[in-house]
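Just below is one structure, and these are the notes that go with it.
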Amino acid sequence: MEQVKLGKTKIEVTRFGMGVLPIGASHLNLPVPEGAAVIRRALELGVRFFDTAEYYRTYDYMAQAFAAYPFSDGNGPVISSKSLARDYAGMRAAVEEARRKLHVDKVDIFLLHEVRGEADFRDRSGAWRALGDCREEGLVQAIGISTHHVDTAELNAKLPESDVLFALINKDGHGIRRGDGRGTRADMEAAILTNHEAGKGVYAMKVLAGGLAAGRYGQMLDYAAGLPGLDAVMLGLTSEAEAEDLAAYAAGTLPKGYAPDVAKKQIHIVQGDCEACGSCIVLCPARAIKMHASGDFAQVSPELCVGCGYCAIGCPVRAIVRI
Ligand code: SF4
Ligand code: SF4
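Counted the way the working numbering counts, the sequence shown spans residues 2 to 324.
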């Protein structure tokens with residue numbers, strides 16, 4: 002698979018990477034050997050870039066897959082992880098956990114996870130400082146920000162200490178935010194380019210609009226893969242067949258108009274993105290969504306959900322995905 006350099010970092014990644022979130026405890030909760038087999042298949046097909054996060058609880062899957070894989074020298078995986086930590090100690094603990102559970106001395110990339118604008122970034126300045134210190138101490142190689150917000154992406158371009166940006170972008174503009182409202186695709190495209198010109202490595206998430214646009218697989222990937230300034234594209238994978246689809250797309254051998262079978266996909270709420278507004282609960286005709294007892298996020302009951310997607314359309318922060 003084609004390799005690219007991430008901005009001014011010395012990190013080389015494959016042009017397409019695997020988002021590990023959907024196999025993990027917060028989504029499909031696959032048994033570890035089963036989830037590790039999906040990662041292994043991606044490795045066999047040449048994928049060497051993996052996105053995870055502290056709260057995804059996927060380190061065990063990755064450690065198992067990587068430990069058993071016969072990497073040749075200089076051909077190992079590049080791991081990008083991130084944390085929702087808001088303070089210095091929380092971020093230090095998140096980096097330590099990643100190093101310990103992934104059995105690595107240095108995490109390739111570690112991000113401040115889902116920054117929601119400049120005020121949020123300022124509130125998390127301790128966590129950001131911790132990332133800078135971890136890089137200084139050689140515990141992580143590159144640091145940056147992940148976000149759905151155009152204003153945060155614009156901010157990232159101006160942060161001299163940031164190496165990378167992991168931004169939400171897709172052909173439908175689904176889920177792009179600015180401040181408390183919607184952001185536009187055009188503005189996020191411009192912010193990606195600005196980051197690229199500032200020397201940041203830039204990679205994209207939710208290029209299939211959280212699975213909601215999986216029926217337009219080729220079109221959605223064509224858009225993302227052709228975006229000026231974007232180095233790499235992450236795609237959440239849930240099965241070996243999906244890894245094979247991605248590899249075929251990357252090799253240019255996927256038939257035009259190919260659409261994966263999404264009949265078995267289910268609606269999930271990404272806990273770290275949910276702002277607990279309750280709109281989806283009101284919108285759901287099947288009464289399949291409830292607020293978690295903590296009051297911090299909503300949850301879907303798969304046995305009640307009929308897959309209509311009304312909840313996803315009404316979610317102000319686009320925290321609802323189909324995987
Ligand atoms: S997809 Fe439809 S039935 Fe399922 S949780 Fe959303 S609104 Fe409810
Ligand atoms: S509509 Fe979105 S943000 Fe609001 S509770 Fe539902 S998932 Fe969370």
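Ideal Cβ placement from N, Cα and C applies to all residues, glycine included.
With a threshold of 7 Å, establish whether the CB of residue i neighbours any heavy atom of ligand 1.
i, result
"I268", "yes"
"Y224", "no"
"V271", "no"
"C312", "yes"
"A277", "no"
"S216", "Rather than Ser, the amino acid found at residue 216 in this sequence is Gly. It does not: the Cβ of G216 is nowhere closer than 7 Å to a heavy atom of ligand 1."
"C1", "Nothing about residue 1 can be read from this structure; the chain reaches only from 2 to 324."
"G308", "yes"
"L284", "yes"
"I324", "no"
"A289", "yes"
Name the one or two DSSP bridge partners that residue i has.
i, result
"A199", "Answer is none; A199 lacks a bridge partner."
"T15", "Q4"
"F72", "Paired residue(s): none; F72 is not in a bridge."
"A205", "A168, V234"
"D52", "G20, S81"
Looking at the unbroken beta strand (DSSP E) that takes in residue i, where does it start and where does it end?
i, result
"V1", "Nothing about residue 1 can be reported from this structure: the residues present for the chain run from 2 to 324 only."
"K159", "Segment 151 to 159 is the alpha helix (DSSP H) holding K159; no beta strand (DSSP E) there."
"Q142", "141 to 148"
"I270", "268 to 270"
"I110", "108 to 113"
"A168", "165 to 169"
"G237", "233 to 237"
"F67", "Here F67 belongs to no beta strand (DSSP E); instead the alpha helix (DSSP H) covers 60 to 68."
"D181", "Where D181 is concerned, there is no enclosing beta strand (DSSP E), given that its DSSP letter is neither H nor E."
Figure out for me which residue from the options has the closest Cα to the Cα of residue i.
i, options, result
"Y62", "V21, V96, V48", "V21"
"C285", "E304, Y311, A264", "Y311"
"A299", "C309, S280, Q220, V307", "S280"
"L194", "L247, Q220, L156, R288", "L156"
"M92", "S81, E119, L112, A128", "A128"
"A54", "P23, G75, V48", "P23"
"G180", "N76, V116, I80", "V116"
"A131", "R87, D121, K159, H149", "R87"
"I177", "I324, L31, A320, M19", "A320"
"H28", "G315, H293, H269", "H269"
"G308", "D74, K266, V151", "K266"
"R58", "P229, G36, F17", "G36"
"T153", "D134, H114, D173", "H114"
"I40", "V165, H150, C278, S240", "S240"
"E198", "Y218, K172, G230", "G230"
"L7", "L213, P317, G211, L166", "L166"
"L305", "R100, G227, R288, M292", "R288"
"L213", "P78, L31, V263", "V263"
"R42", "K102, P256, Y70", "Y70"
"L46", "T15, F122, Q65", "T15"
"R100", "A90, I80, G118", "I80"
"A168", "E162, T185, R136", "T185"
"I12", "L209, G182, A233", "A233"
"C135", "V96, R123, D124, A120", "V96"
"D106", "E119, Y224, G139", "G139"
Cβ of residue i within 7 Å of any heavy atom in ligand 2?
i, result
"G182", "no"
"G77", "no"
"S280", "yes"
"I321", "yes"
"E115", "no"
"P317", "yes"
"A299", "yes"
Please list the terminal residues of the continuous alpha helix (DSSP H) segment that includes residue i.
i, result
"D134", "126 to 137"
"D223", "218 to 226"
"D246", "241 to 252"
"K1", "Because the chain is modelled from 2 through 324, residue 1 falls outside the range shown and cannot be assessed."
Please report whether the beta-carbon of residue i lies at a distance below 8 Å from any beta-carbon of chain C.
i, result
"D246", "Judged by its chain identifiers, the structure shown contains no chain C, having just a single protein chain."
task: Let me know the beta strand (DSSP E) ranges lying completely inside the region 273 to 323, each 3 residues or longer, listed in chain order.
output: 290 to 292, 299 to 301, 321 to 323
query: Along the chain, which unbroken stretches of the beta strand (DSSP E) at least 3 residues long are found entirely within the region 14 to 48?
result: 17 to 20
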